[in-house]
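Q: In my numbering, the protein residues as written are 1 to 59.
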């Protein structure tokens, strides 16, 4: 057995940034802020969709 660790390939900076755990956290935070800003519109869209689904006889 050798005491040397296996060789590690260098990672390109773009790939390192794209796979950083901070990226999904920032994207989810931005999505949450947008959803909070448009919450009333989203609520009415969901209620309207459910009402249309119910009134169409699909239920």
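All C-beta atoms in this analysis are idealised placements derived from N, C-alpha and C, irrespective of residue type, glycine included.
All of these numbers come straight from a predicted model, not from anything done at the bench.
(1) Given this structure, state the Cα-to-Cα distance separating residue 43 from residue 7, to the nearest angstrom.
(2) Give the DSSP-derived three-state secondary structure of residue 9 in the structure shown.
(3) Nearest-angstrom Cα distance between residue 35 and residue 19?
A: To lay it out plainly:
(1) 53 Å
(2) coil
(3) As the crow flies, the alpha-carbon of residue 35 is around 25 Å from that of residue 19.
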